[in-house]
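Heads up: the sequence shown runs through residues 527 to 778, numbered per the working numbering.
Contents: one structure, followed by commentary.
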Amino acid sequence: MSDAPHVLVIAGTDSSGGAGLVRDVQVITELGARVSCVVTAVTAQTNLRVEASCVLSPELVRQQLSAALRSHDIRAIKIGMLGNGAIVRAVLDELPDRSRAPIIVDPVLCSSSGAALLDPEGVQLVRDQLLSRCTLMTPNFFEAGALLGEPIARTNAEQAEQAQALLRFGSEGVLLKGGHGTDADSVDVLLTQAGPPVFLRAPRLNVTMRGTGCALSSAIAALMAAGATLESACQRAKGYVYDQLLPLRPSS
Ligand code: PXL
């Protein structure tokens with residue numbers, strides 16, 4: 527553990543523990559890495575709804591990020607809930623170049639219950655300034671549609687087209703997740719500036735679990751921190767989340 531790589535997580539807390547920072551820490555630790563954290567917001571939630579939310583001061587976010595980067599040799603950065611435009615600006619001010627450590631952005635816009643977790647100015651700044659600085663973005667269908675101002679994808683072909691359109695925001699890669707689709711397989715499309723799309727498949731399980739997006743992006747960050755390539759990290763992280771969902775299947 528002493529020479530385990532450090533992952534820096536920039537995210538909000540969820541008092542239910544299902545999503546957000548607690549989930550991120552759990553996953554990254556389970557995959558053998560250490561965690562530094564920057565808290566952006568505190569939310570009061572049950573599994574059913576967001577009852578209250580308070581973003582921290584942008585200055586405190588900036589200070590946490592600066593201190594974390596000076597304290598450790600950070601090998602990957604995962605960004606989740608940012609809350610509002612002022613926090614996005616604070617993160618942009620302090621974020622290192624992606625050549626120093628891979629930066630995985632889960633563009634969290636809403637909770638699964640539908641509450642907004644990023645204000646409109648924040649959405650614009652993520653789209654226009656943060657994505658061009660990241661290694662990988664991991665939107666779901668709803669986030670992809672919202673970022674593109676388009677209806678959500680209905681087919682694998684539309685999903686691949688939207689991944690292509692998202693790549694124009696400047697990230698090195700896009701993993702457009704198919705967890706909200708309806709096909710027999712859950713298909714994620716991984717597209718990079720470098721090559722043709724890669725389709726990552728797993729049988730669709732008829733189960734729901736909060737925080738799967740947090741878990742997936744954190745797993746990718748932990749695996750890349752340990753030296754995995756982008757494609758291998760995405761593939762293995764999908765397997766990791768699948769293995770967590772499997773025991774939840776109703777017994778037949
Ligand atoms: O799953 C997205 C997410 C991220 N971060 C926090 C959340 C949620 C969803 O509820 O609460 C803090």
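Even glycine gets a Cβ: it sits at the ideal position worked out from N, Cα and C.
A quick note: this is a predicted structure, and the numbers were derived from the prediction, not measured.
CB contact check: residue i to chain D, cutoff 9 Å
i, result
"Gln-655", "Note that chain D does not occur in the displayed structure, where there is just one protein chain."
beta-carbon residue i near the ligand PXL non-hydrogen atom, thresh 8 Å
i, result
"Met-607", "yes"
"Cys-740", "yes"
"Ser-777", "no"
"Gln-590", "no"
"Val-553", "no"
"Asp-632", "yes"
"Ala-537", "yes"
"Asp-540", "yes"
"Arg-626", "no"
"Ser-638", "yes"
"Ala-545", "yes"
"Val-576", "yes"
"Gln-571", "yes"
"Arg-736", "yes"
"Leu-582", "no"
"Leu-643", "yes"
"Ala-672", "no"
"Ala-567", "yes"
Residue range of the unbroken alpha helix (DSSP H) whose run includes residue i
i, result
"Gln-552", "546-556"
"Glu-647", "646-651"
"Gln-655", "Careful: Gln-655 lies outside any alpha helix (DSSP H) and carries neither H nor E."
"Lys-764", "756-771"
"Arg-505", "Residue 505 lies beyond the residue range present for the chain, which begins at 527 and ends at 778; the question has no answer from this structure."
"Val-587", "584-597"
"Leu-693", "682-693"
Residues near residue i by beta carbon distance below 7 Å, same chain, minus five either side
i, result
"Asp-780", "Outside the displayed span of the chain (527 to 778) sits residue 780, for which this structure offers no information."
"Asn-573", "Ser-542, Gly-544, Arg-736"
"Glu-577", "Ala-570, Gln-571"
"Gln-690", "Leu-717"
"Val-587", "Val-564, Thr-566, Ile-613, Ala-616, Val-617"
"Ser-579", "Ala-567, Thr-569"
Expected contact under 8 Å - CB spacing of residue i and residue j to nearest Å
i, j, result
"Ala-752", "Arg-762", "Not really, about 10 Å apart at Cβ, beyond 8 Å."
"Val-631", "Met-663", "5 Å"
"Leu-716", "Leu-701", "5 Å"
"Ala-670", "Ala-679", "7 Å"
"Val-657", "Ser-625", "At residue 657 the sequence reads Leu, which differs from the Val that was named. Contact doesn't hold; Cβ gap of about 16 Å is too wide."
The beta strand (DSSP E) enclosing residue i, as first and last residue numbers
i, result
"Glu-577", "576-581"
"Ala-602", "600-605"
"Gly-543", "No beta strand (DSSP E) holds Gly-543; DSSP gives it neither H nor E."
"Leu-643", "Note, Leu-643: premise wrong, no beta strand (DSSP E); not H, not E."
"Ile-630", "629-631"
Simplified DSSP assignment, three categories, for residue i
i, result
"Phe-474", "Outside the shown range of the chain, which is 527 to 778, sits residue 474, and nothing can be said about it."
"Thr-738", "helix"
"Ser-743", "helix"
"Gln-719", "coil"
"Ala-559", "coil"
"Leu-749", "helix"
"Leu-731", "coil"
"Leu-726", "strand"
"Ala-672", "helix"
"Leu-702", "strand"
"Leu-608", "coil"
Beta-carbon contacts of residue i that lie in its chain and below 8 Å, excluding the five residues immediately before and after
i, result
"Val-548", "Thr-539, Asp-540"
Close-in-space but distant-in-sequence residues of the same chain around residue i (CB under 6 Å, 5 per side omitted)
i, result
"Pro-531", "Ala-559, Arg-601, Ala-751, Ala-752"
"Arg-575", "Ser-639"
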